[in-house]
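Right, one structure below, let's go through it.
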Amino acid sequence: MSDPFDAALDLLRRLPPSQTQQNLASIISIAPDLEDDLLSSVDVGLAVKRCPKSGRDYLCCDYNRDGTSYRSPWSNDFDPPIDPDDAADLVPRGKIRRMEEELNKSIDVYRELYYEGGVSSAYLWQLDEGFAGVVLVKKSSGGAGKGGWDSINVFEIIEATSKRSAHYKLTSTVILDLGLKNDAVGGLELAGNLTRQEELDQPLAGLRDAEIESSHVANMGRMVEAMETRLRNLLQEVYFGKAKDVVGDLRSIRLLSEAEQERQSHKEAISKMGGATI
1083 MSDPFDAALD LLRRLPPSQT QQNLASIISI APDLEDDLLS SVDVGLAVKR
1133 CPKSGRDYLC CDYNRDGTSY RSPWSNDFDP PIDPDDAADL VPRGKIRRME
1183 EELNKSIDVY RELYYEGGVS SAYLWQLDEG FAGVVLVKKS SGGAGKGGWD
1233 SINVFEIIEA TSKRSAHYKL TSTVILDLGL KNDAVGGLEL AGNLTRQEEL
1283 DQPLAGLRDA EIESSHVANM GRMVEAMETR LRNLLQEVYF GKAKDVVGDL
1333 RSIRLLSEAE QERQSHKEAI SKMGGATI
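Written as structure tokens, this is what we have:
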């Protein structure tokens, strides 16, 4: 008998990508013991919550979750509140929190420049060796032409012993969900996701802790910018380019008169060159 976790992942791969959130919830209701493993393994659209302390929106994912509570990057508090003893282990402090605050400010500017709206959040946490983090961006549009873009960028960072450089491992996933529904075309839906990974060694500027922390933030920001640009271009080529090729193979948009005129010009050119007519 196959492993239930593998069977659940196999099932989700065969169901419509635009309904992953609903299908995931249905599978968890049937097999609640798989909840933690599935939530940490399956990429779904990001949920938005409002921080009661700061009044700002933030994004929810498995990396800022404890049960049904989520930590706001703006206040560093869980909502709903969790046990203080548990919070002490889950809430970043010191160097990690300072970098998290600076990273959120930087990503907020990046989001406004590239997305002109949406919501962004960044979370960092300590590892046994180095630290890790995630940068999230979500942009949605409604109406007859709905659209959703969810970007999940997960980092693992290990500093060199000299603290003059660090090794960065980035795993980025973009979830795209587009739809159009009106009387003219009926219903049209295009959804899917794309994941890419990159590892780089980057220098760290400065000698003081504040300078090294700022270097980490700058390095992560540049890597996210480059990776998201690459994924955006790949999505453009894979989804829209392929859809255009398929539609073009099904039916030509050229008028018959234009095609006939081109064939006639082709015949005349060959005839003048002394070749055989077609």
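My numbering applies: residue 1083 is where the sequence shown begins, and numbers increase by one.
Ideal Cβ placement from N, Cα and C applies to all residues, glycine included.
Every value quoted in this text rests on a predicted model; they were computed, and no experiment measured them.
Of the choices the options, whose alpha-carbon is the least far from that of residue i?
i, options, result
"N1186", "A1204, V1173 and Y1192", "A1204"
"A1129", "L1218, T1277 and A1248", "L1218"
"S1297", "E1271, S1247, E1319 and K1326", "S1247"
"V1216", "I1189, A1113 and S1100", "I1189"
"I1257", "D1148, V1124 and K1326", "V1124"
"E1238", "D1139, S1151 and E1211", "E1211"
"R1304", "R1290, Y1321, G1288 and N1235", "N1235"
"I1294", "H1348, Q1103 and K1245", "K1245"
"C1143", "D1232, G1274, L1313 and L1209", "D1232"
"I1240", "D1148, N1301, R1290 and D1259", "N1301"
"S1136", "Y1145, W1156, D1148 and S1347", "W1156"
"S1100", "Y1321, I1352 and E1271", "E1271"
"P1098", "G1274, Q1343 and H1348", "G1274"
"P1114", "A1090, C1133 and T1102", "A1090"
"C1133", "R1153, L1313, S1339 and E1307", "R1153"
Could you give the residue range of the beta strand (DSSP E) that holds residue i?
i, result
"V1216", "F1213 to S1223"
"K1187", "Element bounds for K1187: not the beta strand (DSSP E) but the alpha helix (DSSP H), G1176 to Y1197."
"A1204", "V1201 to Q1208"
Starting from residue i, trace the alpha helix (DSSP H) both ways and give me its first and last residue.
i, result
"Q1101", "No alpha helix (DSSP H) contains Q1101, which DSSP labels as neither H nor E."
"F1087", "P1086 to R1096"
"S1123", "E1117 to S1123"
"P1166", "P1166 to L1172"
Name the DSSP beta bridge partners of residue i, please?
i, result
"V1130", "L1141"
"D1148", "S1151"
"D1161", "Y1152"
Quiz item: Is the region 1278 to 1288 touching the region 1195 to 1210 in the sense that three or more CB pairs, one from each, lie closer than 8 Å?
Solution: Taking one beta carbon from each stretch, the region 1195 to 1210 and the region 1278 to 1288 have fewer than 3 pairs nearer than 8 Å; the two do not touch.
Quiz prompt | beta strand (DSSP E) segments (min. 3 residues) lying fully within the region 1222 to 1295 | solution = For the region 1222 to 1295, whole beta strand (DSSP E) runs of length 3 or above, ordered along the chain, are 1227 to 1241, 1247 to 1264 and 1268 to 1285.
Exercise. Please determine if the region 1178 to 1185 and the region 1106 to 1116 are in contact, where contact requires at least 3 C-beta pairs separated by less than 8 Å.
Key: Cβ pair count under 8 Å is below three, so no.
Quiz item: If you pair each beta-carbon of the region 1163 to 1176 with each one of the region 1233 to 1252, do three or more pairs fall below 8 Å?
Solution: Pairwise C-beta distances place the region 1163 to 1176 out of contact with the region 1233 to 1252, as fewer than three of them are shorter than 8 Å.
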